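Q:
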Amino acid sequence: MKERNLFAIIVLSLVLIAVGYLVATSVDLSWLMPAQASERAVLVDRLFRFMMGIATVVFLIVEGALIYAVLRFRQKPGDESDARPVHGNNTLEIVWTLIPAVIVAVIGVYSYRVLTEVERVPDDPLVVRVISQQFSWRFEYPESGVSANVLHLPVDRPVQFQIESRDVIHSFWVPEFRVKRDATPGQIDELVLTPSQIGRYPIRCAELCGPGHAAMVSEVIVESEEDFQAWIEAGGVEVLDAGKGVPAGDKLPDDPLAAGRVVFTKYGCGACHTLDEAKTGGIVGPSLSDIGRVAAERLQGVNAVDYVRSSIVETDAFVVDGYPSGVMPNDFGERMTPEELDVLVEYLLSQ
Amino acid sequence: MSVNTAAMTEKVDWRKYFTWNTDHKVIGIQYLVTTFFFFIVGGALAMLVRTELGQPGTDLLDGVEYNRFLTNHGSVMIFLWIIPVLAGFGNYLIPLMIGARDMAFPNLNALSFWLIPPAGVLMIASFFVGSAESGWTAYVPLSVTAPLGQTLWAVSVIILGVSSLLGAINFVTTTLTMRAEGMGFWDLPLFVWGMLATALMILVATPMLTAGLILIALDRVAGTLFFDVAAGGDPVFWQNIFWFYSHPAVYIMILPGMGIISEIFPVFSRKPIFGYKAIAISSMAISVLGLTVWAHHMFTSGMNPALRIPYMITSMIIAVPTGIKIFSWLGTIWDGKLRFTTPMLFALGFISMFLIGGITGIFLASIPVDLHVHDTYFVVAHLHFVLFGGSVSAVYAGLYYWFPKITGRKYDERLGKVHFWMNFIGTNLSYLPMFLAGLLGMPRRVVDYAPEFTGVNQLATVGAYLLGLSTLPFLYNAIVSWARGPRAESNPWRALTLEWTTSSPPPEHNFDERPVMKIWPYSYGEVEVESEATGPVASAGD
Ligand SMILES: [Cu+2]
Ligand SMILES: [Cu+2]
Numbered sequence: 000m001k002e003r004n005l006f007a008i009i010v011l012s013l014v015l016i017a018v019g020y021l022v023a024t025s026v027d028l029s030w031l032m033p034a035q036a037s038e039r040a041v042l043v044d045r046l047f048r049f050m051m052g053i054a055t056v057v058f059l060i061v062e063g064a065l066i067y068a069v070l071r072f073r074q075k076p077g078d079e080s081d082a083r084p085v086h087g088n089n090t091l092e093i094v095w096t097l098i099p100a101v102i103v104a105v106i107g108v109y110s111y112r113v114l115t116e117v118e119r120v121p122d123d124p125l126v127v128r129v130i131s132q133q134f135s136w137r138f139e140y141p142e143s144g145v146s147a148n149v150l151h152l153p154v155d156r157p158v159q160f161q162i163e164s165r166d167v168i169h170s171f172w173v174p175e176f177r178v179k180r181d182a183t184p185g186q187i188d189e190l191v192l193t194p195s196q197i198g199r200y201p202i203r204c205a206e207l208c209g210p211g212h213a214a215m216v217s218e219v220i221v222e223s224e225e226d227f228q229a230w231i232e233a234g235g236v237e238v239l240d241a242g243k244g245v246p247a248g249d250k251l252p253d254d255p256l257a258a259g260r261v262v263f264t265k266y267g268c269g270a271c272h273t274l275d276e277a278k279t280g281g282i283v284g285p286s287l288s289d290i291g292r293v294a295a296e297r298l299q300g301v302n303a304v305d306y307v308r309s310s311i312v313e314t315d316a317f318v319v320d321g322y323p324s325g326v327m328p329n330d331f332g333e334r335m336t337p338e339e340l341d342v343l344v345e346y347l348l349s350q
Numbered sequence: 000m001s002v003n004t005a006a007m008t009e010k011v012d013w014r015k016y017f018t019w020n021t022d023h024k025v026i027g028i029q030y031l032v033t034t035f036f037f038f039i040v041g042g043a044l045a046m047l048v049r050t051e052l053g054q055p056g057t058d059l060l061d062g063v064e065y066n067r068f069l070t071n072h073g074s075v076m077i078f079l080w081i082i083p084v085l086a087g088f089g090n091y092l093i094p095l096m097i098g099a100r101d102m103a104f105p106n107l108n109a110l111s112f113w114l115i116p117p118a119g120v121l122m123i124a125s126f127f128v129g130s131a132e133s134g135w136t137a138y139v140p141l142s143v144t145a146p147l148g149q150t151l152w153a154v155s156v157i158i159l160g161v162s163s164l165l166g167a168i169n170f171v172t173t174t175l176t177m178r179a180e181g182m183g184f185w186d187l188p189l190f191v192w193g194m195l196a197t198a199l200m201i202l203v204a205t206p207m208l209t210a211g212l213i214l215i216a217l218d219r220v221a222g223t224l225f226f227d228v229a230a231g232g233d234p235v236f237w238q239n240i241f242w243f244y245s246h247p248a249v250y251i252m253i254l255p256g257m258g259i260i261s262e263i264f265p266v267f268s269r270k271p272i273f274g275y276k277a278i279a280i281s282s283m284a285i286s287v288l289g290l291t292v293w294a295h296h297m298f299t300s301g302m303n304p305a306l307r308i309p310y311m312i313t314s315m316i317i318a319v320p321t322g323i324k325i326f327s328w329l330g331t332i333w334d335g336k337l338r339f340t341t342p343m344l345f346a347l348g349f350i351s352m353f354l355i356g357g358i359t360g361i362f363l364a365s366i367p368v369d370l371h372v373h374d375t376y377f378v379v380a381h382l383h384f385v386l387f388g389g390s391v392s393a394v395y396a397g398l399y400y401w402f403p404k405i406t407g408r409k410y411d412e413r414l415g416k417v418h419f420w421m422n423f424i425g426t427n428l429s430y431l432p433m434f435l436a437g438l439l440g441m442p443r444r445v446v447d448y449a450p451e452f453t454g455v456n457q458l459a460t461v462g463a464y465l466l467g468l469s470t471l472p473f474l475y476n477a478i479v480s481w482a483r484g485p486r487a488e489s490n491p492w493r494a495l496t497l498e499w500t501t502s503s504p505p506p507e508h509n510f511d512e513r514p515v516m517k518i519w520p521y522s523y524g525e526v527e528v529e530s531e532a533t534g535p536v537a538s539a540g541d
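Sequences listed follow chains A and B, in order.
Note that numbering that gives the first Met the number 0 has the first sequence beginning at 0, numbered continuously upward.
Note that numbering that gives the first Met the number 0 has the second sequence beginning at 0, numbered continuously upward.
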């Protein structure tokens, strides 16, 4: 290879990398991404911007050459002759083979470094078990025994998630943390990150997991260490509706209505069912807002209590017209305590 | 002019298209027409999906229906449209381009076509027995417990895999053994190189998917426990099997398209292809490398984290041969005398849109970025830029380019251009906003989304409708021109590959005399290419 070519390759690669660096450090691309709520997000975004810088230049070069050629080299009217035959150009071909090679090598090394940085397991992280199930999330804090369906995290403290699934594959994703991890049945998938920004962010399931996939959402609340400790000490009290605290943990409130709502929420019924009282809007199954009346009329000779109870524990014994069978999970009977089941049935019948 | 007049007066017997026919040209047309029908089916499903997503909330489809529609949209588009339509081009063109009389195994060839209609019927029939609803990826365990239609789906994809394998065997054998006298490997048209690279990938990768699907089908109907977690089955195992085929499938869907546009650029630039060997070798390089990248679809899964690194590296390296192709095409049109016919427009559109698909592929290969954008609308946008902006553009380019050869008629350029612009604007309008949706946090395959994604989704839906409408000028043009368009000469584009040396449409035996390769297929500017009216090329049969 001629020295001149080598020179061209080095210069062009350096220019591309310099643009990438410039964009990474100084161009505001924050409108392309949600808020940065973890330390990881900062590093990932820098890498992303670096790649955007290079990508933009490559994009402009290629589309620019294309548009230039289209405008400049059109056939002249009446000119039926062929163009000057050129079969190739070794220099050019070497240049456009090596520059992309250099660029992807740089991107590859940079990606690798970011990866090792964000995946380093910290000492003494806060451990949170993430238990996913069609179509709900549950979060358990083994150190304190608290369990809730909204994720609370103290700011600036490293967390290690241990992600599990009870049925099919789900994927735990917090866009503001810039990371997701699949929940694979039969194994525990780990994920580490450090939340860095107080606020509330959505948790979304990213892996198709059935009819309620889009509704498989929850929320992460990143709060100060004190708020977090207070929440843990209160046993994971969840603020579900205006000012009325109801625990989502194992202790049920005394008020039967509140207790029923807790159970209803805890088992993710709202992902599939609309229930005005619990402010849920699921559409996979029939609305339960009027179930107290409907239940009494569904099956002849079956009273409302038995009907609702069997709808929950033997879901497929009777399938409501127009709704699919086999969709509503059929293991609630095993998962709920008898007390929870009673509370839930009473709650539904009061609707 | 005996050949041409014969072809003109001969009454085309359309009934032969509905029979077991071993003529590769009949089979090619059977492929093209049948698969276009499935394209429309897949497109109609996409319209429903986009309509549902036109606003937040679930109005048109519920969660179950939505999953069924998206599963069938993806499966129909991939397994019943893009992969087989490209095989259709291979069928029609390979023997003509290498100067052969037919395929190496004509009966096998007919069989590979006739497997497609029953497979298509099975897939569509699955709608009526509780359709497949776990995505075209059919991840276990979701797909093991899905309703009966999932079994029909699996059988359908198995059949289509066999069809694809039979086709590949034919392509490879035909190319290796039946080339015209004097045609060496470095004389092969680049479309044939592309099909060769594709066929080799099919031969290596497809049996894996077929085997995996048989395991799923057995789990479902025979009570085996290959994927049962409780019995020690591993869901990640299926992902390995699936992507071992389905990543190469991306190249199976793009390499022939790259071949098509490599034919079109030289003809309409009146220049030799730039870097012939580099393009041919890069196709082979992609086909080999493409077999080693599959786990980049699994960076978020439960796979061994250390193993992600090699897959990131191989995935990024693929950018190099892909870049070589793009730059070589630019080199071809550079300093040419460009004619903006409809196929040329689609080929130029291919470069400009495939580029976006290619660049965003590097983002997805970078593990830290992928952990954010994987399984989001970013991926949906990326794959549609590759498969719609890329493959489908190439298919349209090829349909227009070879339309005169296949039908013996000319299509209407004006309608062709209307079609191109609707398609080009529709593609960008539909898929560009999806990148933003994904980056900002919208997962893929959702029937409903948070209100902040309304704007981008509405743009995408408008773009999708435009794409849907864009098929109308094409269909009208194709049908009317085929029936009573002006007669096409044998070589209307003054091209140099061998298929243009015989009449349009070619006689049943392809060539009156066994062709001898005399002119290298891209010698524009070096030899005189005459059109039929005056020249020696088309009157070869006299
Ligand atoms: Cu899920
Ligand atoms: Cu999901």
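Where is the CB? At the ideal position from N, CA and C, for every residue including glycine.
Just so we're clear, the structure is a prediction, and the values are computed from it rather than from any experiment.
Just reading off the alpha helix (DSSP H) that P309 of chain B is part of, what are its end residues?
A: Your numbering for residue 309 of chain B matches position 310 in the second sequence. First-last of the alpha helix (DSSP H) with P309 of chain B: 307 to 316.
Q: If you measure from each CB to the nearest heavy atom of ligand 2 and keep those under 6 Å, what residues do you get, in chain order?
A: Near ligand 2, residues with a Cβ at less than 6 Å from any of the ligand's heavy atoms are A:H169, A:C204, A:E206, A:L207, A:C208, A:H212, A:M215; the list follows chain order.
Q: What's the C-alpha gap between P265 of chain B and P271 of chain B?
A: Working through the second sequence from its first residue, we reach residue 265 of chain B at position 266. Working through the second sequence from its first residue, we reach residue 271 of chain B at position 272. So the two alpha carbons sit approximately 5 Å from each other.
Q: For L165 of chain B and S245 of chain B, which I take to be in contact (beta-carbon distance under 8 Å), what is that distance rounded to the nearest angstrom?
A: Taking the first residue of the second sequence as 1, we reach residue 165 of chain B at position 166. Taking the first residue of the second sequence as 1, we reach residue 245 of chain B at position 246. Contact doesn't hold; Cβ gap of about 20 Å is too wide.
Q: Considering only C-alpha positions, which residue in the set B:D101, B:V63, B:L69 is nearest to L44 of chain B?
A: As a first step, residue 44 of chain B must be located in the second sequence, where it is residue number 45. Of the candidates B:D101, B:V63, B:L69, the one whose C-alpha sits nearest the C-alpha of L44 of chain B is B:L69.
Q: List the residues of chain A whose Cβ lies closer than 9 Å to the Cβ of D101 of chain B, in chain order.
A: Position 102 of the second sequence holds residue 101 of chain B. Within 9 Å Cβ-Cβ: nothing; D101 of chain B doesn't reach chain A, min ~32 Å.
Q: Take A258 of chain A and list the residues in its own chain whose beta-carbon comes closer than 6 Å to its own, dropping the five residues that flank it on each side.
A: As a first step, residue 258 of chain A must be located in the first sequence, where it is residue number 259. Within the same chain, A258 of chain A has close Cβ partners L251, P252, V342.
Q: From E224 of chain A to S37 of chain A, what distance separates their C-alpha atoms?
A: Residue mapping note: residue 224 of chain A aligns to position 225 of the first sequence, counting from 1. Residue mapping note: residue 37 of chain A aligns to position 38 of the first sequence, counting from 1. Each residue's alpha carbon lies about 15 Å from the other.
Q: I'd like to confirm something about G397 of chain B: is its beta-carbon nearer than 7 Å to some heavy atom of ligand 3, or not?
A: The model on display carries ligand 1 and ligand 2 but not ligand 3.
Q: Can you say whether F423 of chain B is buried or exposed, counting buried as having 16 or more other CB atoms within 10 angstroms of its CB?
A: For the purposes of this step, residue 423 of chain B is taken as residue 424 along the second sequence, with counting starting at 1. The residue in question, F423 of chain B, is buried, as its Cβ has 16 or more Cβ neighbours within 10 Å.
Q: Listing by chain order, which chain D residues have their CB less than 9 Å from the CB of L438 of chain B?
A: Among the protein chains in the structure shown, which are A and B, there is no chain D.
Q: Could you confirm whether any beta carbon from chain B is found closer than 8 Å to the beta carbon of Q74 of chain A?
A: Your numbering for residue 74 of chain A matches position 75 in the first sequence. Yes, because at least one Cβ of chain B sits closer than 8 Å to the Cβ of Q74 of chain A.
Q: For a contact meaning CB atoms closer than 8 Å, what does I220 of chain A contact in chain B?
A: What you label residue 220 of chain A is simply residue 221 of the first sequence in a count that begins at 1. Correct list: empty, because the minimum Cβ distance to chain B is about 17 Å.
Q: Run down chain A in chain order and give the residues with a C-beta less than 9 Å from the C-beta of A449 of chain B.
A: What you label residue 449 of chain B is simply residue 450 of the second sequence in a count that begins at 1. Residues of chain A passing the Cβ test: P201, R203, V216.
Q: Report yes if the CB atom of L79 of chain B is closer than 8 Å to the CB atom of F37 of chain B, and no otherwise.
A: Along the second sequence, read from residue 1 onward, the residue named residue 79 of chain B stands at position 80. Along the second sequence, read from residue 1 onward, the residue named residue 37 of chain B stands at position 38. Yes, these two residues count as a Cβ contact at 8 Å.
Q: Does DSSP put W172 of chain A in a helix, in a strand, or in coil?
A: For this step, residue 172 of chain A is matched to residue 173 along the first sequence. Note: W172 of chain A maps to strand in three-state DSSP.
Q: When the Cβ atoms of the segment 217 to 224 of chain B are set against those of the segment 233 to 252 of chain B, are three or more pairs found closer than 8 Å?
A: The answer is no - the segment 233 to 252 of chain B does not touch the segment 217 to 224 of chain B, with fewer than three Cβ pairs under 8 Å.
Q: Can you tell which of B:Q238, B:P94, B:S522, B:M46 has its C-alpha closest to the C-alpha of H72 of chain B?
A: Counted from its first residue, the second sequence places residue 72 of chain B at position 73. Its Cα nearest to that of H72 of chain B, the residue B:M46 stands out among B:Q238, B:P94, B:S522, B:M46.
Q: Need the endpoints of the beta strand (DSSP E) that S217 of chain A sits in, please.
A: Translated into positions along the first sequence, residue 217 of chain A becomes position 218. Start and end: 216 to 222.
Q: Threshold first: 4 residues or longer. Then list the alpha helix (DSSP H) segments lying entirely within the segment 21 to 97 of chain B, N to C.
A: 23 to 51, 62 to 74, 82 to 97
Q: Going by other Cβ atoms of all chains shown within 10 Å of its Cβ, with 16 needed for buried, is K243 of chain A buried or exposed?
A: Residue mapping note: residue 243 of chain A aligns to position 244 of the first sequence, counting from 1. Legend: pLDDT at K243 of chain A = 32, less than 50; position of this residue unreliable, value from coordinates given subsequently. With fewer than 16 Cβ atoms within 10 Å of its Cβ, K243 of chain A is classed as exposed.
Q: Here's the rule: buried if 16 or more other CB atoms are within 10 angstroms of the residue's CB, otherwise exposed. What is P450 of chain B?
A: Translated into positions along the second sequence, residue 450 of chain B becomes position 451. Flag for P450 of chain B reads exposed.
Q: If we define contact as Cβ-Cβ less than 8 Å, is I311 of chain A a contact residue for chain B?
A: Within the first sequence, numbered from 1, the residue matching residue 311 of chain A stands at position 312. Taking Cβ atoms only, chain B never reaches closer than 8 Å to I311 of chain A, which makes this a no.
Q: Leaving out the 5 sequence neighbours to the left and right, which residues in its chain are closer than 8 Å to R14 of chain B when beta-carbon positions are compared?
A: Here residue 14 of chain B corresponds to residue number 15 of the second sequence, with the count starting at 1. For R14 of chain B, where only same-chain residues beyond five positions count, there are no Cβ hits under 8 Å.
Q: Along the chain, where does the alpha helix (DSSP H) containing I253 of chain B start, and where does it finish?
A: Looking up residue 253 of chain B in the second sequence gives position 254. Here the alpha helix (DSSP H) through I253 of chain B covers 234 to 268.
Q: Check whether the Cβ atoms of S164 of chain A and T193 of chain A sit closer than 8 Å, and answer yes or no.
A: In the first sequence, the residue the question calls residue 164 of chain A occupies position 165. In the first sequence, the residue the question calls residue 193 of chain A occupies position 194. In this structure, T193 of chain A does not lie closer than 8 Å to S164 of chain A by Cβ.
Q: So, is the C-beta of H272 of chain A closer than 8 Å to a C-beta in chain B?
A: Locating residue 272 of chain A in the first sequence gives position 273, counting from the first residue. Cβ-Cβ to chain B under 8 Å: no for H272 of chain A.
Q: Rounded C-beta distance between V351 of chain A and I358 of chain B? I'm assuming under 8 Å.
A: Nothing about residue 351 of chain A can be read from this structure; chain A reaches only from 0 to 350.
Q: Can you tell me whether I316 of chain B is buried or exposed, with buried defined as 16 or more other CB within 10 angstroms of its CB?
A: For the purposes of this step, residue 316 of chain B is taken as residue 317 along the second sequence, with counting starting at 1. If you draw a 10 Å sphere on the C-beta of I316 of chain B, you find 16 or more other C-beta atoms in it, and that means buried.
Q: DSSP state of Q228 of chain A, grouped into three classes?
A: The residue you call residue 228 of chain A lines up with position 229 of the first sequence. In the structure shown, Q228 of chain A sits in a helix (DSSP, three-state: H, G or I).
Q: Less than 8 Å between C-beta atoms, sequence neighbours within five positions excluded: which residues of the same chain meet that for T39 of chain A?
A: Position 40 of the first sequence, counted from the first residue, corresponds to residue 39 of chain A. With the sequence shown as reference, residue 39 of chain A is identified as Arg, and Thr is not the correct amino acid for it. The answer, listed in chain order, is V117, F176, R177, V178, L192, T193.
Q: Going by beta carbon distance, what residues of the same chain come within less than 6 Å of I28 of chain B, once the five residues before and after it are set aside?
A: Numbered from 1 along the second sequence, position 29 holds the residue referred to as residue 28 of chain B. For I28 of chain B, where only same-chain residues beyond five positions count, there are no Cβ hits under 6 Å.
Q: Hey, could you find the ends of the alpha helix (DSSP H) W481 of chain B is sitting in?
A: Translated into the one-based positions of the second sequence, residue 481 of chain B becomes position 482. First-last of the alpha helix (DSSP H) with W481 of chain B: 453 to 483.
Q: Do F419 of chain B and W344 of chain B count as a contact pair if the criterion is CB distance below 8 Å?
A: As a position in the second sequence, residue 344 of chain B is number 345, starting the count at 1. As a position in the second sequence, residue 419 of chain B is number 420, starting the count at 1. Note on identity: in this sequence residue 344 of chain B is Leu, with Trp being the wrong assignment. Going by C-beta atoms, L344 of chain B is nearer than 8 Å to F419 of chain B.
Q: From V26 of chain A to P117 of chain B, what distance separates their C-alpha atoms?
A: What you label residue 26 of chain A is simply residue 27 of the first sequence in a count that begins at 1. What you label residue 117 of chain B is simply residue 118 of the second sequence in a count that begins at 1. Answer to the nearest angstrom: the Cα atoms are 55 Å apart.
Q: If you compare alpha carbons, which of B:L435, B:I158, B:V479 is closest to P174 of chain A?
A: Residue 174 of chain A sits at position 175 when you count from the first residue of the first sequence. Residue B:L435 is the option with its Cα nearest to P174 of chain A.
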